[in-house]
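Residues are numbered in this note's numbering as their position in the sequence shown, beginning at 1, plus a constant of 232.
What follows is one structure encoded as structure tokens, with my remarks underneath.
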Amino acid sequence: MSEPSTSQQKAKEKVADSEQIEENAHPDEEDHSGSDDDSEPDADGDAPETAAGSSSTAVPIDTPGTASKKKKKKRSKAAKALNALKSVGKGKDAIPDEVVKIVLDKVKAEGGEAVAGADAETVRLALEQMKLRDVLQGKTGIGGKNKKDTGGHKFWSTQPVPQLGEAPPEADGPIEPSKPASEVRQDPYPLPKEFTWSFLDINDTAELRELYELLSANYVEDDDESFRFQYSAEFLSWALKPPGYHKEWHVGVRVSSSRKLVAFISAVPVQIRVRDHVLNVSEVNYLCVHKKLRSKRLAPVLIKEVTRQCNLKGVFQALYTAGVVIPTPVSSAQYYHRCINIPKLVDVRFTSVPSTMTLARMIRLHKLSEKPRLLDQGLREMEERDVPQVVDLFERYMKRFSMVPIYNEADVAHQFLSGRGEGPRGSDSWKTPRDGQVVWTYVVENPKTNKITDYVSFYSLPSTIMRSTKHNLLNAAYLYYYATEVAFEDGAEASGRLKKRLEELITDALVIADRAKFDVMNALTLMDNVPFLQDLKFGQGDGILNFYLYNWRTAPLAGLRATSDTPIGRGIGVVML
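In structure tokens form, the structure reads like this:
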């Protein structure tokens, strides 16, 4: 279907140094808020993205004279840059305030006294001149770190995807028509002679372990090889076996002589709504080729073969994400990170202590409550009996967004319950994670009416820490789906009641994640996330996740940028695993 990748890509993204905590607002209270050839895609999923500003604050020791010269040079460069920016005209498209603030903080931190007079408007004009709007649209990247040059993507020019530079379509619809299975290519695409195709049986423990080992050693990692996703067998079983999954869509490549698994790509069926159109699509993910075989150009063949398999089942559209730019993103979202275990995150250089505070102060500002605050209002772990009510609330709440999954009771039961792990369940289950647990889902049940008024969920995707002698695993939680009845009350959004309720739900999710020994919770600028991210101390990462539709044209959806009719984030209501 096109380049798939990990959908939740950035446990490995470190929080940028520009994360500044405003503690003076509450100085006395205890805060508890919460590579291959150009013509083919990257064979390890997303192009890893790093946050250069998030590494340790330790610096080499300079002599006084050297240090002074370096500071003067830095200030001089910053001052010249700002002076040049003042002549820039105002651009047509507004840059989001969040982006302006981050850049302004960076400029002031690096420029010192020479740029003390910098203001948001100056930075905004500079960003317009730099065409940052192209970054936000997925056409380029900051520093070239997280975007691939799209100029030579010969492979994508042969695929039914919107090409870069195309004008928005006049009407939504497929690029190529569907066709009967009899007209779809019947034979697998040819592989180099030393390799053979293999469908993986995820129910087979040995084959599931093979996949786990392939991904663990060869899948996404960051640029400096500090973090790499650590998929568990339980996670892969949960992600790859939704209702109606097809074994033929779990496509592997083996060495013919040894039968060793050396490449993989997956697709799972899902029904989505894109604006007013309901589509049966494949969600494509986990494209991975063994590092030693990247020159064999297996990635394009994997994509074409999984596309063929989907076409044989009558599916001709796909949804996928990538950290790199390929033709053409339908939307993009920014990663944010809420630090939980501050000492560990500093130790492994996932984040650093801002120059304006001490480690102890940073720990205090991120401290969470001892127990969820909504327990007294009916917060409890979701159970099978809740499925019908959660389906109803899910369906109504997701109408707020432009691109969303459509879930029935079987889907909801799988997504929110099947990954709960093995162990006791009860009123205190929030205190301790169960063996093999990969998803946490909690509902709020009105004690008088027994109506489910809210739910919130998150899942686990840890990363191996490859450059630490003290820690070997970064335990990352990812915010998943949530909903609240408050959204349907008159004036709830304008009055701030919706934002307040979401903050209560997400804060309790953070408390539960803390008790489950997670180090960080990650979230994207999608759904209704943007209003609460900063207040709950989520810091902006530098990873941008691009969303793609295969064989479907539609105008850009609001993600990192608003559109003419939709606020930031609300174009995207789908979370890919």
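Even glycine gets a Cβ: it sits at the ideal position worked out from N, Cα and C.
Nothing here was measured: the structure is a model prediction, and the numbers come from that model.
Would you say M759 and G791 are within 8 Å of each other, going by their C-beta atoms?
No, these two residues do not count as a Cβ contact at 8 Å.
Go to H509, then tell me how far its beta strand (DSSP E) extends in each direction, as first and last residue.
Start and end: 509-521.
Expressed to the nearest angstrom, what Euclidean distance is found between the alpha-carbon atoms of V538 and S527?
Taking the straight line from one Cα to the other gives about 20 Å.
With which residues is N778 paired in a DSSP beta bridge?
DSSP lists A554, S564 as partners of N778.
Residues of its chain near L400, where Cβ-Cβ distance is below 6 Å and the 5 sequence neighbours each way are ignored
Looking at the sequence shown, residue 400 is not Leu but Pro. By the criterion of a C-beta distance shorter than 6 Å, P400 is surrounded in its chain by A787, once the five residues flanking it on both sides are discounted.
Closest residue to F496 among V510, E353, N678, L468 (Cα-Cα distance)
Looking at the Cα atoms, L468 is the closest of the given residues.
Who are the near neighbours of F720 in its chain, counting only those whose CB is closer than 8 Å to its CB and skipping five residues on each side?
Cβ within range, chain order: R628.
Quick check on T757: does DSSP put it in helix, strand or coil?
Under the three-state reduction of DSSP, T757 is assigned to coil, being neither helix nor strand.
Is the stretch 420-428 touching the stretch 478-491, taking contact as three or more C-beta pairs under 8 Å?
Proximity of the stretch 420-428 to the stretch 478-491 meets the contact definition, three or more beta-carbon pairs being nearer than 8 Å.
Specify the secondary structure class of L314 as computed by DSSP and reduced to three states.
With a pLDDT of only 48 at L314, under 50, the local geometry of the prediction cannot be trusted, and no value is derived from it.
Would DSSP call M635 helix, strand or coil?
If DSSP states are grouped into helix, strand and coil, M635 belongs with the strands.
What residue range does the beta strand (DSSP E) around S430 cover?
Element bounds for S430: 427-431.
Please identify the residue among D751, K386, A465, Y714 whose C-alpha is closest to the C-alpha of V578.
Of the candidates D751, K386, A465, Y714, the one whose C-alpha sits nearest the C-alpha of V578 is D751.
Tell me where the alpha helix (DSSP H) around L711 begins and ends.
First-last for L711: 708-716, but that is the beta strand (DSSP E), not the alpha helix (DSSP H).
Where the alpha helix (DSSP H) through S448 begins and ends:
Taken as a continuous stretch (DSSP letters only), the alpha helix (DSSP H) holding S448 covers 437-450.
How many Å lie between S689 and Y710 at the Cα?
The C-alpha of Y710 is placed about 9 Å away from the C-alpha of S689.
Return the first residue and the last residue of the beta strand (DSSP E) that T786 is part of.
Per DSSP, T786 belongs to no beta strand (DSSP E) and is neither H nor E.
What residue range is occupied by the uninterrupted alpha helix (DSSP H) comprising V538?
Going by DSSP, V538 is part of the alpha helix (DSSP H) stretching over 530-544.
Would you list the one or two residues that DSSP bridges to D667?
DSSP, once it has assigned bridges, lists E654 as partnering D667.
Hey, could you find the ends of the beta strand (DSSP E) Q621 is sitting in?
Careful: Q621 lies outside any beta strand (DSSP E), inside the alpha helix (DSSP H) at 619-629.
Neighbourhood of A748 by C-beta, 6 Å cutoff - its chain only, sequence neighbours within 5 removed:
The residues are P665.
Leaving out the 5 sequence neighbours to the left and right, which residues in its chain are closer than 8 Å to L742 when beta-carbon positions are compared?
The answer, listed in chain order, is G266, R570, I572, L600, M753, L768.
Could you compute how far the alpha carbon of K492 sits from the alpha carbon of V533?
The straight-line gap separating the alpha-carbon atoms of K492 and V533 is approximately 18 Å.
Would the stretch 429-445 and the stretch 554-571 be scored as touching if the rule is three or more Cβ pairs under 8 Å?
As far as the Cβ criterion goes, the stretch 429-445 does not touch the stretch 554-571, which means the pair count is below three.
Decide yes or no for the touch test of the stretch 433-440 against the stretch 633-647: beta carbon pairs closer than 8 Å, at least 3 of them.
The stretch 433-440, when compared against the stretch 633-647, does not touch it at the 8 Å Cβ threshold.
Can you give the Cα-Cα distance for S414 and V547, rounded to whole angstroms?
Between S414 and V547, the C-alpha separation is close to 14 Å.
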